[in-house]
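Participant: Before I ask anything, here is the structure I am working with.
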Amino acid sequence: MHAPAGAGDWLRVLRRGVPLLVVIFGCLALLLIIRLVERPLFEENRPWTPSITRFVCRTAFVLLGIRRVVHGEPMTGPGAQVSNHVSWLDIFALNASDLIYFVSKSEVARWPGIGWLARATGTLFIDRNRNQAQEQAMQVEARLAAGHRLLLFPEGTSTDGRRVLPFKPTLFQPFFSGSLPEDLRVQPVSLVYHAPEGEDARFYGWWGDMDFGSHCLKVLRQKRQGSVEVQYHPPIAVAFVAGRKVLAAECGAVVRRGVLSALTAETEPAGA
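So the sequence shown is numbered by the numbering used here: it starts at 1 and just counts up by one.
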């Protein structure tokens, strides 16, 4: 349990939160203006605006005081990335390292503020209704064919960050469309958050029925922050995988090993 917020806590919330909102909405306005030119010229392709999103996400970590550590290299060429899902901070952590487009559940599009931001930055929304599975697969295929590098959270939900749930094979089906490039690859990505010293190891985790506003304030008011590790694993060539179930299991295993390795290193004594 946290002690009631004092004056110093609220000053930190303002000192971090106000500049963060200015950066987010100021850059969003710039993005929308540029998009007025970008869309007629390039349609679904976005050669300019993703760089604005990446700038915002990198700046967010500087303002929050959370250290970001990246291992490996984001993939190049056609394909997608798949990651474990821990927190609302994941969007900033992954966008800060690469020019990507998220695939998100349709409910997010209706969230006040967040849904608008997600639409403006090119997020692809999918419904969990099986009756629309074929149509949604076609939308994913179209985005991949347009050269977009998509980011999926195949667990289907977020966790406390101390485990990785099985990856859902359904989300991998579009990668096996015959209309996509033969060199299509999928890159597993492991996300691990390290809590501030003295805090619960799950400090940055946002899962279950946790309230977004309360969790956001908890992060903003934290005096000394922790860090996030983003580990890019070698991409997997889809052409050499038997099917969606095999690909889902293989990606899930790679992500899980990366998370467990980072968590094990976290508990080892210094110099061990």
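Beta carbons: idealized from backbone N, C-alpha and C, even for Gly.
As the structure is a computational prediction, the values presented were derived from the model and not from experiment.
Rounded to the nearest angstrom, what separates THR170 and ALA80 at their Cα positions?
Facilitator: Near 15 Å, if we compare the C-alpha coordinates of ALA80 and THR170.
Participant: Look at the alpha carbon of VAL259 and the alpha carbon of THR157, and state the distance between them as a whole number of angstroms.
Facilitator: Near 16 Å, if we compare the C-alpha coordinates of THR157 and VAL259.
Participant: Between the C-alpha atoms of SER83 and HIS215, what's the straight-line distance to the nearest angstrom?
Facilitator: If you take the alpha carbons of SER83 and HIS215, they lie about 21 Å apart.
Participant: Does the distance from the C-beta atom of PRO165 to that of VAL86 stay below 8 Å?
Facilitator: Note on residue identity: the sequence assigns Leu, not Pro, to residue 165. Cβ atoms of LEU165 and VAL86: not closer than 8 Å.
Participant: Enumerate, from N- to C-terminal direction, the unbroken alpha helix (DSSP H) stretches of 4 or more residues contained entirely within the stretch 129-209.
Facilitator: Fully enclosed alpha helix (DSSP H) runs of 4 or longer: 133-145.
Participant: Work out the CA separation of CYS251 and ILE236 for me, nearest whole Å.
Facilitator: Whole-angstrom Cα-Cα distance: 8 Å.
Participant: What does a CB cutoff of less than 7 Å around HIS148 pick up in its chain, not counting 5 residues either side in sequence?
Facilitator: Answer for HIS148: TYR101, listed in chain order.
Participant: Suppose the cutoff is 6 Å on Cβ atoms and the five residues either side in sequence are ignored; what does the same chain contact list for VAL255 look like?
Facilitator: Same-chain partners within the cutoff: ASN84, VAL164, PRO188, SER190.
Participant: Nearest by alpha-carbon distance to GLU266: which of GLU229, GLY243, LEU247, HIS233 is it?
Facilitator: Of the listed residues, the one whose Cα sits closest to GLU266 is GLU229.
Participant: Spatial neighbours of MET1 within its chain, please: C-beta separation below 6 Å, excluding the five flanking residues on both sides.
Facilitator: The predicted model places MET1 with a pLDDT of 49, which falls under 50 and marks its position as unreliable; any figure quoted below should be read in that light. Once the five neighbours on either side are set aside, MET1 has no close Cβ partner at all.
Participant: Restricting to Cα atoms, I'd like to know which of SER97, ILE126, ILE91 is closest to GLU107.
Facilitator: For the residues SER97, ILE126, ILE91, the minimum Cα distance to GLU107 belongs to ILE126.
Participant: Jot down the residue ranges of each uninterrupted alpha helix (DSSP H) in the stretch 41-70, minimum 4 residues, whole runs only, in chain order.
Facilitator: Counting whole runs of 4 or more residues, the stretch 41-70 contains the alpha helix (DSSP H) stretches 49-64.
Participant: Among the candidates LEU64, LEU99, ARG67, whose CA atom is the shortest distance from the CA of PRO78?
Facilitator: The shortest Cα separation from PRO78 among LEU64, LEU99, ARG67 belongs to LEU99.
Participant: May I ask you to report which of helix, strand or coil DSSP gives LYS105?
Facilitator: Residue state, collapsed to three classes: strand.
Participant: Please look up how many angstroms separate the CB atoms of CYS57 and PHE92, rounded, as I've assumed it's under 8 Å.
Facilitator: That belief holds up - the Cβ atoms of CYS57 and PHE92 are roughly 4 Å apart, short of 8 Å.
Participant: Under the three-state reduction of DSSP, which class applies to LEU124: helix, strand or coil?
Facilitator: Residue state, collapsed to three classes: strand.
Participant: Measure the beta-carbon distance from ALA201 to ARG162 and round it to whole angstroms, keeping in mind my assumption that it falls under 8 Å.
Facilitator: That belief holds up - the Cβ atoms of ALA201 and ARG162 are roughly 7 Å apart, short of 8 Å.
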